[in-house]
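Start counting at 1 in the sequence shown, then tack on 934, and there's your number in my numbering. Don't be surprised by glycine CBs; every beta carbon is placed ideally from N, CA and C. Given the structure is predicted, the values throughout are model-derived calculations rather than measurements.
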Amino acid sequence: MTSRISRRSFLWLLLALAPAAAGAEQPQRSAKEYIKTLEDPHRVERLKPAEVIRTLALKPGDVVADIGSGSGLFTRPMARAVAPGGKVYAVDIDRELLEHVARTAAEQKIGNITTVLAEKDSPGLAPESIDLAFICDTLHHIEKRAAYLAAVKPALRPGGRLAIIDFSTSWPSGHEALRYSVEDLERSTAEAGYVKAADYSIVPGNFFHVYVLKEPRAPERIDAEMIVRLRDEAMYRSEIMRTMHFLTDVYGPRLTGSPNLKAAGEWAIRRMKEWGLENGRLEPWEFGHPGWLNERLTAHIVSPVKDALVCEVLAWTPGTQGVVRAPVALLALPEKPTAQELQSFLASARDRIAGKIVLLGKHVAVPVTLNPPPRRRDERALRAAYDPNNPNAGQLFGRPQRAEERADPSRLTPAQVTEAADIFLVAARVPVKVLDAGREHGQIRAFSNRTYDPEKAVPTVVMRNEDYGRIARILADGTQVELEFEIVNRVYPEGRTAYNTIAEIPGSDRRQEVIMLGAHLDSWHAATGATDNAIGCAVMMEAARILKAAGVRPRRTVRVALWSGEEQGLLGSQAYVKEHFGTFEEPKPEFQTLGGYFNIDSGTGRARGASVFGPPEAATILRQILQPLEDLGVVGAIATRSRRTGGTDSTSFNHAGLPGIGLAQDPIEYGTYTWHTNLDTYERIIEEDAKASAITVACAVYHLAMRDGLLPRFTRDTMPPSPARSETSQ
């Protein structure tokens, strides 16, 4: 947008009532002065906001963009008109005016206004995100009107309208340079691709025209009958909990490289074959480490009291070679030591720990939880997170990032401290190392010896915080404590080759193109891996079963993938993407055939929305596909440009430049209780939520498999750069 006046006066709306001669340079005025001008009673009387809004026949649920919103003169009453369920975007290029709009809306308790800081030549609205674009006393500031109106056009939904109010040549006095003829307006709108639908004479000296698209876009074709069939199958003939039983009770835990994980994959293939899926197979990839399984663990305090202890074994550590009974020493390592400081400390402790079971680290003081965490996502925050025009969209999701600290190169990292301590403990022939779980309510997260080599570690357990604290306090009294352990672990050399589990519903006329849905089948070993992530696998398997049971004959091939190695850093999905697709920069022939990969990996909570790697147009298509599922709690879809890996397997696809689609879920007990803990069992699954997620996935996969085109992708000009390996986060 180009102005013929000063910089501040260039901003939306503001010259409309300026007293100086038209076209002259105006002195800068504060935002407060402009707001006073824009809210002048004479201007309100002239523009008749209430009558204009009645004429536009706004209704609850409509979404409006007030472009050039200024002080919010129309924004506020429009927001009231479209409530409940609707929304108004206040679009402007003046940050101070937008802050005034937001502040005023909060004061008046209007909760459905979102401010959008626009660029000078475009409103910056997401595709197909509004029902009405409203431009009042603003178009006269824009020199290239047709180009600007063309930039508005993609934001209109099918059936959307453009309403323009502005000075006409009949304006009684002054501002001659700001007036323009109806012919000029019709020429600009026609060039931009609009046709006039109505004109009104209710605003004196102004034209008030309403336009629609010359070539209306057809909405995404939604097969309502098929949605009913899929929902009926999922709700009344579900097999999802039966699948959960086998993946958890029978085959859990499913540590990468373990025989349990391979057996779970083989069972899943047999089950999906029974449902009618084809081409079931285990696709190998090189894990490079042996498999490992804990077969037995007993832990007791035997002196000065006798009691059982609750522990979990650290993966890829050795067993005790029988029952071990020994006194205990607590070794509190220094914080952020230098290498020399750590070596000096360990050397000084050698005699003190000789022949003893070592509690490594101070007891962690875990505070009492006074306010329980939410189990469902806040509806207002959720809708804000999936608002395509919200600059902060999507920030509700993802695991919180720790604030980065500038590393002191002279200080060891926690991983380096652990490595040095393990070398010391092995050399000292310590019989058992005990770590504090550091979590409330008996939760234990037991991960692994990072070397994957049991010979480089001593037998290691993670003890629940309550037991660790009890022992530490008794030791602090000066009383000797004796513990007894028996740990039996087994190593499986064949686990160096791991497998992804694959099965398909073959397509028809577009069978070479593929819609994928998947989740990681591997788990940690402290429990049976129900919420992380057997439920994700069960949802995806159930979605495929639903499609087959409903008689779907997809145009594109539908491929289920159950990954391994996710917990070790997305290794299985990364190997698959590398083998089949390559990357945007170095593509393989299959790269262009993928129409989308759906991923679910956040526990038992139902799917609430989708994030797709691609341009805004891709999110618009998904949003329309998901809209019929609002009653299940699904609120929409947003686009992401991030190619960083981390968190879950959809990012392996994003990293390659492929359309990964991550599903966000309600957080029910996930981050707070079950994620990677010894509490992650079948009992934590909510069947109704699992069914709802399966319906959402099945419906979305169906429509992407049947539509004429693939999801829009980034082009060579718009593809975000691939991050350096050091910038990825696994």
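Residue i CB to nearest heavy atom of the ligand FAD below 8 Å
i, result
"Thr971", "Of ligands this structure carries none, so the ligand FAD is not represented either."
Selection from the options that minimises the alpha carbon distance to residue i
i, options, result
"Val1262", "Lys1021, Asn1467, Glu1041 and Tyr1402", "Tyr1402"
"Lys1512", "Val1494, Ala1197, Glu1217 and Gly1412", "Glu1217"
"Ile1001", "Val1035, Lys970, Ala1017 and His976", "Val1035"
"Thr1245", "Gly1506, Gln1446 and Leu1417", "At residue 1245 the sequence reads Cys, which differs from the Thr that was named. Comparing Cα positions, the closest option is Leu1417."
"Thr1574", "Thr1352, Glu1520 and Gly1596", "Gly1596"
"Leu1189", "Arg1430, Glu985 and Leu1481", "Arg1430"
"Asn1383", "Asp1356, Gly1376, His1375 and Asn1399", "Asp1356"
"Tyr1426", "Leu1195, Thr1009, Thr1072 and Ser1102", "Leu1195"
"Leu981", "Ala1017, Glu1200 and Pro1138", "Pro1138"
"Pro1655", "His1610, Tyr1170 and Arg1577", "Arg1577"
"Ala1299", "Pro1252, Pro1348 and Asn1399", "Asn1399"
"Glu1447", "Asp1166, Thr1527 and Gly1006", "Thr1527"
"Gly1225", "Leu1243, Pro1388, Ala1477 and Gly1463", "Pro1388"
Range covered by the alpha helix (DSSP H) that runs through residue i
i, result
"Ala1355", "Pro1348 to Ala1361"
"Ile1559", "Pro1550 to Leu1560"
"Asn1467", "That residue, Asn1467, is in no alpha helix (DSSP H); it is neither H nor E in DSSP."
"Gly1506", "Leu1505 to His1514"
"Ala1634", "Glu1621 to Met1640"
"Asn1399", "Asn1399 to Ala1410"
"Asp1166", "Ala1158 to Tyr1170"
"Ile1174", "Ile1174 to His1179"
"Arg1095", "Unbroken run through Arg1095 is the beta strand (DSSP E), Leu1090 to Phe1101; no alpha helix (DSSP H)."
"Lys1196", "Pro1193 to Glu1208"
Residue i - containing beta strand (DSSP E), residue span
i, result
"Tyr1531", "Leu1528 to Ile1534"
"Asp1065", "Ile1064 to Cys1070"
"Lys1367", "Lys1367 to Asp1370"
"Phe1547", "Ala1541 to Phe1547"
"His1454", "Arg1444 to His1454"
"Lys970", "Per DSSP, Lys970 belongs to no beta strand (DSSP E); it is in the alpha helix (DSSP H), Ala965 to Leu972."
"Asn1423", "Glu1416 to Tyr1426"
"Tyr1023", "Lys1021 to Asp1026"
"Ser1237", "Gly1225 to Ser1237"
"Trp1219", "Glu1212 to Glu1220"
"Leu1265", "Val1257 to Leu1265"
"Ala999", "Val997 to Ile1001"
"Arg1490", "Arg1490 to Trp1497"
Burial state of residue i (16 or more Cβ within 10 Å)
i, result
"Gly1529", "buried"
"Arg1333", "Here Arg1333 scores only 48 on pLDDT, less than 50, and its place in the model is too uncertain to base an answer on."
"Arg1647", "buried"
"Thr1123", "buried"
"Gly1093", "exposed"
"Pro961", "Its pLDDT being 46, under 50, Pro961 is placed unreliably in this model, and the value from its coordinates should be taken loosely. Exposed, by the Cβ-count rule."
"Asn1326", "exposed"
"Pro1150", "exposed"
"Lys1021", "buried"
"His1109", "The predicted model places His1109 with a pLDDT of 49, which falls under 50 and marks its position as unreliable; any figure quoted below should be read in that light. Buried is the call here."
"Thr1652", "exposed"
"Val1569", "buried"
"His1669", "This structure cannot speak to residue 1669, because the chain is shown only from 935 to 1664."
"Arg1010", "buried"
"Thr1585", "buried"
"Ala991", "exposed"
"His1075", "buried"
"Asp1535", "buried"
"Lys1625", "buried"
"Thr1182", "buried"
"Ala1315", "exposed"
"Tyr1510", "buried"
Report yes or no: do the stretch 1288–1307 and the stretch 1355–1365 share at least 3 C-beta pairs separated by less than 8 Å? yes
Pairing CB atoms from the stretch 1546–1566 with CB atoms from the stretch 1633–1649, are three or more of them under 8 Å? yes
Evaluate the contact criterion for the stretch 1395–1415 versus the stretch 1273–1283: three or more CB pairs, one atom per stretch, below 8 Å. no
Could you tell me whether the stretch 1229–1236 touches the stretch 1199–1215, using the rule of 3 or more Cβ pairs below 8 Å? no
Could you say if the stretch 1307–1325 and the stretch 1046–1065 meet the contact criterion of at least three C-beta pairs nearer than 8 Å? yes
Measuring CB atoms only, is the stretch 1442–1456 touching the stretch 1137–1147, in the sense that at least three cross pairs come out at less than 8 Å? no
For the stretch 1267–1328, list the beta strand (DSSP E) runs that are entirely contained and at least 3 residues long, ordered along the chain. 1291–1294
Is there contact between the stretch 1306–1318 and the stretch 1599–1614, where contact requires at least three CB pairs shorter than 8 Å? yes
Is the stretch 1610–1619 in contact with the stretch 1585–1597, if contact means three or more CB pairs nearer than 8 Å? no
Does the pairing of the stretch 1479–1496 with the stretch 1436–1446 give three or more beta-carbon distances under 8 Å? yes
Three-pair Cβ contact test at 8 Å for the stretch 1403–1422 versus the stretch 1494–1509: no
Any 3 or more C-beta pairs closer than 8 Å across the stretch 1500–1520 and the stretch 1470–1484: no
Say whether the stretch 1065–1080 touches the stretch 987–999, bearing in mind that this needs 3 or more beta-carbon pairs closer than 8 Å, one atom from each stretch. yes
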